[in-house]
Amino acid sequence: MDTTTASARRCRHCGADLGPSSSFCSRCGATATSPVEGDDPLLLRLRELYKGEYEIDREIGRGGMAAVFAAFDPALQRRVAIKALLPGIAAERDMGERFLREARTVAALQHPHVVTVYGVRADDATQALAMQFVEGRSLDAALQERSPMPLPVGGLVLAQVAEGLQHAHDRGVVHRDVKPANVLLETDGRAVVSDFGIARREGVSRLTDTGMVVGTWAYMSPEQRNGEDVTAAADQYELGVMAFEVLAGRLPFVGTPSEMLRAHLYESSPSMRSLRPDIPAHVDATVLRMLEKSPAKRYPSLREPIRAFRTLVPDEKATTQLIAGLSLVQKMTTRVLAVPAAVGTAAAPTVRAAQAPAAASGAATAAGTAAAMVPPTQVTSSSATGGARRVWAVAAALVLVSGGAWWWQASRSPRPAAATGAGAGGAAGVTAAAPSAPPAAATSTD
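Numbering (this note's numbering), first residue to last: 389 to 834.
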């Protein structure tokens with residue numbers, strides 16, 4: 389069922405009619421989810437709802453279920469993001485209750501590797517939450533530029549993601565949509581898990597229909613594909629798929645959608661070492677166990693995978709600087725919680741084009757590649773790109789001293805084409821250029 393409203397199928401820029409599945413406007417070329425300024429009823433309602441607390445600036449992204457707005461907290465002098473259910477979705481039976489229940493669940497999570505939710509607000513017509521405004525970009529975007537990742541970089545990112553997920557699991561919260569698009573690389577070099585939009589507590593009855601499949605099926609666990617109730621073991625499986633992609637440079641199963649579906653259900657995962665022999669055997673074995681079809685055969689928690697991933701990191705300080713460089717290759721972009729597909733859908737994968745071979749110039753080529761891949765909703769700056777080159781050069785030099793030549797060898801390897809998950813009914817994530825300093829009043833983030 390298409391949950392977008394009728395108005396959502398009209399171009400926000402020129403007003404032209406959009407087809408039921410059009411991604412771009414045929415008249416002006418704008419994306420179907422491109423935000424524009426204006427007196428949107430939801431924006432006006434949020435300004436009233438948060439009056440005296442946050443200054444709501446403008447919409448910065450919209451999917452099939454929710455919209456995200458840039459805002460500013462004048463009391464604490466910080467930027468925030470406001471995520472609100474679309475009016476048509478909010479009016480559906482049980483949807484508002486589900487949104488508020490899950491928002492409150494995630495708001496209880498306080499961890500350096502989990503995006504922070506500040507609070508929930510609702511009235512008869514609007515449900516919204518205020519959350520951390522993350523500066524950086526997604527792991528998915530970084531993988532498009534450099535894949536596979538150097539072992540220390542991939543190991544630290546995976547360990548931090550696992551630590552954030554374990555924090556949630558210890559509190560009974562299951563993410564249910566672990567994938568690179570929902571991992572943000574902050575400008576301070578931290579990896580942060582985002583988009584708990586379809587998370588729920590273990591043991592709590594669903595408000596959605598029984599058997600409903602929710603998640604991104606290119607990463608989804610077998611039990612989730614079958615519509616069964618899921619536990620933390622499902623997150624572990626999805627993290628195993630992501631670990632395979634980060635370290636080996638492709639998904640464990642590739643092919644047509646039907647072939648991938650069958651493989652996730654019935655076929656054993658290949659060894660990462662068959663694709664990348666420098667991966668330690670114990671890390672390969674760890675990921676293979678995470679990808680067991682039966683939840684009972686996986687690890688009882690993520691603590692053992694965390695230990696295995698951290699053995700890949702010889703110098704955490706230098707590796708953190710490399711991750712910070714990954715977040716800066718594109719112009720200081722700001723990415724907030726992804727806008728998920730409407731509940732009840734399983735996102736279908738898309739196929740990424742193979743990257744052109746990296747030139748010997750290393751960091752300079754990385755910056756050039758980033759400039760070429762910037763989507764229409766992003767803004768780049770030559771000065772920012774130059775700064776990114778400096779970050780990469782310094783960080784790479786530090787790691788070369790402590791860890792040998794692994795960085796240059798890995799960074800010169802382009803990412804092979806592979807089928808990966810992409811959000812349905814909206815963008816996989818929201819990116820917008822960040823201002824150089826927090827605004828004193830509500831201003832555009834584009």
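The C-beta atom is built at its ideal place from N, Cα and C for all residues, glycine as well.
According to the Cβ coordinates, are residue i and residue j closer than 9 Å?
i: Phe-632; j: Val-675; result: yes
i: Leu-497; j: Val-508; result: no
i: Leu-474; j: Arg-435; result: no
i: Pro-568; j: Asp-623; result: no
i: Ala-459; j: Ala-556; result: no
i: Gly-615; j: Ser-657; result: no
i: Ala-663; j: Ala-706; result: A small correction: the amino acid at residue 663 is Leu; Ala does not occupy that position in the sequence shown. Not a contact, by the Cβ cut-off of 9 Å.
i: Pro-577; j: Pro-500; result: Before going on, a small fix: residue 577 reads as Gly here, not Pro. Not in contact: Gly-577 and Pro-500 (Cβ atoms no closer than 9 Å).
i: Ala-469; j: Phe-487; result: no
i: Ile-711; j: Ala-579; result: yes
i: Val-701; j: Pro-536; result: no
Please state the DSSP three-state secondary structure of residue i.
i: Ser-526; result: strand
i: Ala-513; result: coil
i: Ala-463; result: coil
i: Arg-446; result: strand
i: Ala-729; result: Here Ala-729 scores only 36 on pLDDT, less than 50, and its place in the model should not be relied on; the value that follows carries that caveat. Coil.
i: Val-580; result: strand
i: Gly-507; result: strand
i: Ile-470; result: strand
i: Ala-547; result: helix
i: Gln-498; result: coil
i: Lys-681; result: coil
i: Val-541; result: helix
i: Met-519; result: strand
i: Leu-627; result: helix
i: Phe-641; result: coil
i: Thr-493; result: helix
i: Leu-690; result: coil
i: Leu-649; result: helix
i: Glu-606; result: Checking the sequence, you will find Ala at residue 606 rather than Glu. Three-state DSSP puts Ala-606 in coil, outside helix and strand.
i: Leu-430; result: helix
i: Glu-574; result: strand
i: Val-618; result: coil
i: Val-701; result: coil
i: Val-561; result: strand
i: Val-566; result: coil
i: Gly-407; result: coil
Give me the Cα-Cα distance between residue i and residue j, rounded to the nearest whole angstrom.
i: Leu-572; j: Ser-682; result: 29 Å
i: Leu-531; j: Val-634; result: 7 Å
i: Asp-445; j: Asp-511; result: 20 Å
i: Gly-407; j: Gly-452; result: 15 Å
i: Pro-693; j: Thr-644; result: 30 Å
i: Asn-570; j: Leu-431; result: 25 Å
i: Asp-703; j: Pro-538; result: 13 Å
i: Thr-757; j: Ala-651; result: Residue placement at Thr-757 is flagged as unreliable, the pLDDT there being 29, under the threshold of 50; a coordinate-derived value is accordingly withheld.
i: Thr-575; j: Pro-462; result: 23 Å
i: Asp-604; j: Ser-659; result: Position check: residue 604 holds Thr in this sequence, whereas Asp was assumed. Spanning the two alpha carbons is a distance of roughly 23 Å.
i: Tyr-442; j: Gly-484; result: 22 Å
i: Ala-491; j: Val-618; result: 19 Å
i: Ala-684; j: Lys-439; result: 49 Å
i: Gly-476; j: Arg-467; result: 27 Å
i: Glu-655; j: Asp-583; result: 29 Å
i: Leu-713; j: Met-648; result: In the sequence as presented, Leu is not what sits at residue 713; that position holds Gly. Going from the Cα of Gly-713 to the Cα of Met-648 covers about 33 Å.
i: Lys-471; j: Leu-464; result: 19 Å
i: Asp-482; j: Arg-564; result: 20 Å
i: Pro-429; j: Glu-480; result: 18 Å
i: Thr-708; j: Met-630; result: 19 Å
i: His-670; j: Ala-621; result: 20 Å
i: Gln-554; j: Arg-489; result: 20 Å
i: Ser-715; j: Ser-646; result: 34 Å
Between residue i and residue j, how many whole angstroms is the CB-CB distance? I'm expecting something under 8 Å.
i: Leu-690; j: Ala-550; result: 4 Å
i: Ala-513; j: Arg-638; result: Wrong, their Cβ atoms sit about 46 Å apart, outside the cutoff.
i: Leu-437; j: Ala-516; result: 7 Å
i: Val-503; j: Val-566; result: Val-503 to Val-566, Cβ: 13 Å. No contact.
i: Val-686; j: Tyr-625; result: Note that residue 686 is Arg in the sequence shown here, rather than Val. The pair is a contact, with the Cβ atoms about 7 Å apart (cut-off 8 Å).
i: Ala-455; j: Glu-447; result: 6 Å
Is the beta carbon of residue i within less than 8 Å of some heavy atom of the ligand FAD?
i: Glu-533; result: Judged by which ligands are present, the structure shown has none, so any question about the ligand FAD falls away.
Counting only C-beta atoms, is residue i closer than 9 Å to chain B at any point?
i: Thr-619; result: In the structure shown, chain B cannot be found, because there is only a single protein chain.
Should the stretch 550-565 be regarded as contacting the stretch 509-528, the criterion being three or more beta carbon pairs within less than 8 Å?
-> no
Would you call the stretch 660-675 and the stretch 693-709 touching, i.e. three or more CB-CB distances under 8 Å?
-> yes
Between the stretch 532-549 and the stretch 603-612, do three or more beta carbon pairs fall short of 8 Å?
-> no
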